[in-house]
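Residue numbers (this note's numbering): 9 to 360.
Even glycine gets a Cβ: it sits at the ideal position worked out from N, Cα and C.
None of these values were measured; they are calculated from a predicted model.
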Amino acid sequence: MTLKCVTDGIPEPDAHAAEAARARQAALTKPQGSLGRLEELSIRLAAITGRPLPVIKDKVIITMAGDHGVAQDGVSAYPPEVTPQMVLNFLSGGAAINVLARHVGARIVVVDMGVDYDFDPHPHLLVKKVAHGTNSILCGPAMTREQAEQAVEAGIEVVEAEIAKGLDIVGTGDMGIGNTTPSAAIAAALTGEPVSKIVGRGTGVDDAGLARKVEIIERALDINKPDPIDGLDVLARVGGFEIGGLAGVILGAAAHRKPVMVDGFISTAAALIAIAIAPQVRPYLIAAHRSQEQGHGIMLEWAGLEPLLDIDLRLGEGTGAALGISLAEAACKILSEMATFEEAGVSDKEEE
């Protein structure tokens with residue numbers, strides 16, 4: 009399905025389903041509000057899915073990988089060769105995301121969006137490679153506009169295939185050495201905040217590396233001049249293939265009324281691109297956590313998202329999304345499985 013068809017097809021949240029969920033929450037055997045944000049989360053999920061009693065059974069985490077030309081410019085503590093090595097780790101089941109996905113009962117979809125490596129065929133690897141990594145954003149645009157659109161539409165294809173298999177919620181994940189740099193550039197371009205307020209240490213660069221990273225992003229923005237009112241332009245000029253793919257996952261899921269559990273810094277950059285392309289996607293986004301990356305809070309505020317967790321995560325891969333999916337499932341079960349005062353024969357009136 010083309011990008012325009014998908015964005016044109018994103019529906020409004022279902023107010024009637026939300027109201028029915030809210031009414032049931034008010035009748036459950038507990039003081040109103042005593043389960044805090046789990047209550048509001050269940051109501052949001054009802055609005056997203058159009059079901060007064062939303063169900064989360066089929067859980068999917070889509071982890072997309074891509075390389076970045078700017079990684080050769082000293083913006084990461086790890087070499088670019090780690091990207092394909094970690095993809096192979098995902099496929100063998102040994103990464104953190106594999107552990108947490110098993111923990112919450114989610115299936116993982118690993119996608120090569122633009123890794124600078126040719127993998128042998130693997131039954132659990134989807135290859136949607138746009139190119140062997142992006143161009144360095146210090147030398148001009150990361151990709152062409154056509155490649156940016158290709159990346160987004162590939163993400164749409166991936167999530168629609170998973171929806172066809174059964175999908176109640178999707179979590180976003182990433183892998184790509186150096187990808188906090190394009191993510192920070194995207195955030196600075198769209199929020200208008202200074203680069204120095206956005207940029208963090210990523211995989212753990214030292215003070216000199218952090219200063220170099222800030223300078224590189226400022227130069228890249230000056231060279232490329234991304235248009236903040238054009239999400240595809242921002243993606244093409246300073247983004248990454250896996251970021252574009254995740255933006256497509258988000259847009260495609262929203263068009264099918266599927267909630268999106270957004271992981272950390274890189275996934276939120278993808279969410280910002282998706283919002284810039286189609287602002288109506290915003291109600292379908294749930295922020296799993298606040299990353300330890302410095303600018304993540306600024307990004308979440310711009311997107312209008314309040315994170316479910318704040319536990320100093322900064323790994324990516326979809327790890328925070330997995331934990332967020334667990335909370336979403338819990339919220340739905342509270343709404344549907346907990347008895348109402350009437351069902352339980354419990355008085356809901358305070359004694360005189």
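Helix, strand or coil for V289? Go by DSSP, reduced to three states. helix
In whole angstroms, what separates the C-alpha of L243 from that of H132? Their backbone Cα atoms lie some 27 Å apart in a straight line.
Just verifying my parser: in three-state terms, what is the DSSP assignment at T327? helix
Are I3 and T91 close, meaning C-beta to C-beta below 7 Å? Because the chain here runs from 9 to 360, residue 3 falls outside it and cannot be looked at.
Taking L317 as the reference, which of I306, G272, A104, L134 has the closest Cα? If you compare the alpha carbons of I306, G272, A104, L134 with that of L317, the shortest gap goes to G272.
Give the single residue among S355, G324, T348 whose Cα lies nearest to the Cα of L108. G324
For the region 154 to 233, list the alpha helix (DSSP H) runs that are entirely contained and at least 4 residues long, ordered along the chain. 188 to 199, 203 to 206, 215 to 232
Would you mind giving the Cβ-Cβ distance between V289 and L308, rounded to the nearest angstrom? I have them listed as a contact below 8 Å. So it is not a contact: roughly 15 Å between Cβ atoms.
Classification of I116 by the beta-carbon crowding that lies within 10 angstroms, buried from 16 upward: buried
With which residues is G8 paired in a DSSP beta bridge? The first residue shown for the chain is 9 and the last is 360, placing residue 8 beyond what the model contains.
Please go through the same chain and pick out, in chain order, the residues whose beta-carbon is closer than 7 Å to the beta-carbon of L321, but skip the five residues on each side of it. G272, H297, S299, Q300, T327, G328
For P291, which of N187, S275, M269, I306 has the nearest alpha-carbon? Nearest in C-alpha terms to P291, of all of N187, S275, M269, I306, is M269.
Would K363 and V119 qualify as a contact pair, given that the criterion is a beta-carbon distance under 7 Å? Shown here, the chain extends from 9 to 360; a query on residue 363 therefore has no answer.
With I319 as the anchor, note down where its beta strand (DSSP E) starts and where it stops. Run containing I319: none; DSSP gives neither H nor E here.
For C147 and A338, what's the separation of their Cα atoms in angstroms? 47 Å
Check for me: the alpha helix (DSSP H) holding V108 runs from which residue to which? In the sequence under discussion, the amino acid at residue 108 is Leu, which differs from the Val named in the question. If you look at L108, you'll find it in the alpha helix (DSSP H) that goes 104 to 112.
Straight-line Cα distance separating I64 from C340: 7 Å
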